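Numbering (the UniProt record's numbering), first residue to last: 1 to 499. Glycine included, C-beta positions come from ideal geometry on N, C-alpha and C. The model shown is predicted, which means the values in this text are computed figures rather than measured ones. The block underneath contains the structure these notes are about, expressed in structure tokens.
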Ligand code: NG1
Ligand code: MG
């Protein structure tokens, strides 16, 4: 647990070899030269991630436990002094070349979130950097070539890998001496410009992960990460259902709606506890400051130094049972009333920048998922820590049980699974996976399985036979290997120079 985390971007510069993927990087450099008629000055890399446990709780302020994967976004970059124009090209011809530049004295970058446009993700990183450094710099023009290997819409965080690598490219090109913390915070805020009201797990995992370690990420009171050693017997397999979950199209009914259901649930609870004279008095926060369950919990227990977080979560669950309506869900009007707000304020604050479509808001079910899932993250991390001191035979069974419980809660209370995710998880459990759960936002995308190394080949074969070969009989072998693969904890963002 005590691996030092270096919070300087200088620490991720490397002039060493370009790793196992030398061939890929060489192709990137050669293509860059052909495209731009010059050599790149540096290459940045930021990986996707698989979330082991802690789903849909980052935006409620609770800690999560992802790890970086080998799939990543790399960008070769050269700066230009003759123009402030940025030109971005992709190795994949599906994504056409784009150019843009900032406008006016205020250095404005416009992102049209109403279209699904690949260069928007680059612009997010660029705009994020500009917003924090525009007083200090005149941004340089850039020639950029992108190569991404994280499947889009798979729940493996292709978007954050792209935004983080873009922000890193822009920061490096303009020699801004920022820290990893700053890079991550820029990328979190910046990614919301594409219209998804996302939490911060993916960007933190993409920037801070260290090879061979999973990453504990906390968000309250501020972003904090710590490497977590996984049991040596644990092996992980990722299986993409090939049902793509595109947040751009489905966000208003799925992701953005869940953000509203959890934020409004927290406000309803806070209103009942602190602002109706019914609960503890002496609260120091305003209602607007209490719109995540973690903030409500911290406020509720602020004078209590003895109850540990897991017991606090258990008590929160009974408060939720007491104060949130269980059965039919809330209409917009009910929800506003219960939170002591007028309807227009709910719409302005939570449903305008990120559009939402719903008739019913299921605050109670979503709260039960969030609070039990937050407790499972503590339990998972505790088991990993104990294991380092005192190895136990049943460690993988216990971790697997938590992953299975997480999946069930995502499926029933959070309603973010789908038949294909449930199916691959069932097949996996019947074939030696001790734990199987959806990973990332859900509604499609990938699942992650926990097993032992000797069982990896037969587990993969079983899912190929019983899922892919039946549902996608025409897949070529390389497409199959791209859909289901073993993974291990990889390192986070890197800058390569001197190649
Ligand atoms: P995916 O779907 O993997 O991009 C999203 C959010 C996370 C988190 C998970 C659910 C973005 C960028 N990321 O991940 O912050 O909330 O869903 O746990 O939207
Ligand atoms: Mg994403």
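For residue i, three-class secondary structure by DSSP
i: residue 6; result: Confidence is the limiting factor: at residue 6 the pLDDT is only 49, short of 50, which leaves the residue's position unreliable, though a coordinate-based value still follows. Here residue 6 sits in coil by DSSP.
i: residue 499; result: coil
i: residue 72; result: strand
i: residue 1; result: Reliability fails at residue 1, whose pLDDT of 30 lies under 50, so the model's placement of it is uncertain and no value is given.
i: residue 494; result: strand
i: residue 486; result: strand
i: residue 37; result: coil
i: residue 439; result: coil
i: residue 91; result: coil
i: residue 404; result: helix
i: residue 48; result: strand
i: residue 162; result: helix
i: residue 53; result: strand
i: residue 289; result: helix
i: residue 249; result: helix
i: residue 477; result: helix
i: residue 433; result: coil
i: residue 243; result: coil
i: residue 117; result: coil
i: residue 416; result: coil
i: residue 197; result: coil
i: residue 338; result: helix
i: residue 156; result: coil
i: residue 28; result: helix
i: residue 394; result: coil
i: residue 294; result: helix
i: residue 136; result: coil
i: residue 174; result: coil
i: residue 122; result: helix
i: residue 303; result: coil
i: residue 212; result: coil
Where the alpha helix (DSSP H) through residue i begins and ends
i: residue 240; result: Premise fails: residue 240 lies in the beta strand (DSSP E), 235-240, not in any alpha helix (DSSP H).
i: residue 355; result: Where residue 355 is concerned, there is no enclosing alpha helix (DSSP H), given that its DSSP letter is neither H nor E.
i: residue 309; result: 309-323
i: residue 265; result: 255-274
i: residue 419; result: 419-430
i: residue 572; result: This structure leaves residue 572 out entirely; the chain is present only between 1 and 499.
i: residue 232; result: It is not in any alpha helix (DSSP H) - residue 232 carries neither H nor E in the DSSP assignment.
i: residue 207; result: 201-208
Buried versus exposed, by CB contacts within 10 Å (16 or more), residue i
i: residue 89; result: buried
i: residue 397; result: exposed
i: residue 75; result: buried
i: residue 1; result: Reliability of the predicted coordinates at residue 1 is poor, the pLDDT of 30 falling under 50, and the value obtained from them is presented with this limitation in mind. So residue 1 counts as exposed.
i: residue 4; result: Confidence at residue 4 is low in this model, with a pLDDT of 36, below 50, so its placement is unreliable and the value that follows should be read with caution. Exposed, by the Cβ-count rule.
i: residue 108; result: exposed
i: residue 380; result: buried
i: residue 34; result: exposed
i: residue 311; result: exposed
i: residue 373; result: buried
i: residue 197; result: buried
i: residue 522; result: Nothing about residue 522 can be reported from this structure: the residues present for the chain run from 1 to 499 only.
i: residue 6; result: Any reading at residue 6 is ruled out, since the residue's pLDDT is 49, under 50, leaving its predicted position unreliable.
i: residue 555; result: As shown, the chain starts at 1 and ends at 499. That puts residue 555 outside it, with no answer to give.
i: residue 127; result: buried
i: residue 453; result: exposed
i: residue 308; result: exposed
i: residue 322; result: exposed
i: residue 348; result: exposed
Residue(s) in a DSSP beta bridge with residue i
i: residue 217; result: 64, 225
i: residue 80; result: 141
i: residue 43; result: 76, 496
i: residue 103; result: 108
i: residue 86; result: 100, 142
i: residue 330; result: 361
Endpoints, beta strand (DSSP E) assigned at residue i
i: residue 457; result: Where residue 457 is concerned, there is no enclosing beta strand (DSSP E), although the alpha helix (DSSP H) it sits in stretches over 456-463.
i: residue 349; result: Not the beta strand (DSSP E): residue 349 falls in the alpha helix (DSSP H), residues 343-350.
i: residue 141; result: 141-148
i: residue 98; result: 98-100
i: residue 449; result: 446-451
Whole-Å CB distance - residue i paired with residue j, under 8 Å assumed
i: residue 469; j: residue 432; result: Contact doesn't hold; Cβ gap of about 19 Å is too wide.
i: residue 146; j: residue 91; result: 7 Å
i: residue 144; j: residue 87; result: 7 Å
i: residue 293; j: residue 262; result: 7 Å
i: residue 436; j: residue 425; result: 4 Å
i: residue 166; j: residue 122; result: 4 Å
i: residue 201; j: residue 217; result: 6 Å
i: residue 495; j: residue 168; result: 7 Å
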